[in-house]
Amino acid sequence: MADNKLVLYQYDTKTIGCNISNFSNIDLSTTTPYLTVKKKASDVVPVLSKIGTYDASITTVIFPLSKIDTSIAPGDYIYDIVLDDSINIYVTITKDTFTILDGVR
Numbered sequence: 197m198a199d200n201k202l203v204l205y206q207y208d209t210k211t212i213g214c215n216i217s218n219f220s221n222i223d224l225s226t227t228t229p230y231l232t233v234k235k236k237a238s239d240v241v242p243v244l245s246k247i248g249t250y251d252a253s254i255t256t257v258i259f260p261l262s263k264i265d266t267s268i269a270p271g272d273y274i275y276d277i278v279l280d281d282s283i284n285i286y287v288t289i290t291k292d293t294f295t296i297l298d299g300v301r
């Protein structure tokens, strides 16, 4: 399994890009990309949830994170990026650790 860990500093802005070129059989115009971050996979309420955009020129979904998005308590979380067709999760692109580091400033 590939290492898809994400490490960010608390309160930083960051754009996360996820290549989806291996999913050419999916009609991306019928799906919405979601980034979901939880403390534990079984948690009902995520600590972060973002809707992404698709950049066809680089076959990538993009999630811009703001200072507010990364204002999560430092620690390790779990995240996934999925394509959803509004009825069901169509495909999970990746799932791994999402770490927020405590900033010095």
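Residues in the sequence shown are numbered consecutively from 197, following our numbering. Beta carbons are placed, not taken as given, at the ideal position from N, Cα and C, and that holds for glycine.
Own chain residues within Cβ distance below 6 angstroms of residue i, not counting five before or after
i, result
"I277", "C214, L231, I289 and T290"
"V203", "T295"
"L279", "T227, P229, Y286 and V287"
Spatial distance of residue i from residue j (CA atoms)
i, j, result
"Y286", "A269", "30 angstroms"
"T209", "D223", "30 angstroms"
"I254", "I264", "27 angstroms"
"K201", "D281", "25 angstroms"
"M197", "N218", "Reliability of the predicted coordinates at M197 is poor, the pLDDT of 44 falling under 50, and the value obtained from them is presented with this limitation in mind. Going from the Cα of M197 to the Cα of N218 covers about 15 angstroms."
"T227", "G248", "11 angstroms"
"L297", "G271", "7 angstroms"
"V241", "S225", "27 angstroms"
"T293", "D239", "15 angstroms"
Residue i, DSSP secondary structure in three states
i, result
"M197", "With a pLDDT of only 44 at M197, under the threshold of 50, the placement of this residue in the model should not be trusted; the figure read from the coordinates follows. In this structure, M197 counts as coil in the three-state DSSP scheme."
"S253", "helix"
"P260", "strand"
Sub-8 angstroms separation of residue i and residue j beta-carbons
i, j, result
"K246", "I274", "no"
"L261", "I216", "no"
"Y207", "S267", "yes"
Contacts around residue i, its chain only, beta-carbon distance under 7 angstroms, and the 5 residues preceding and following it disregarded
i, result
"D251", "I258"
Length-filtered (3 minimum) beta strand (DSSP E) runs lying within the region 202–236: Taking only runs of at least 3 residues, the beta strand (DSSP E) segments lying wholly in the region 202–236 are 202–205, 210–215 and 228–234.
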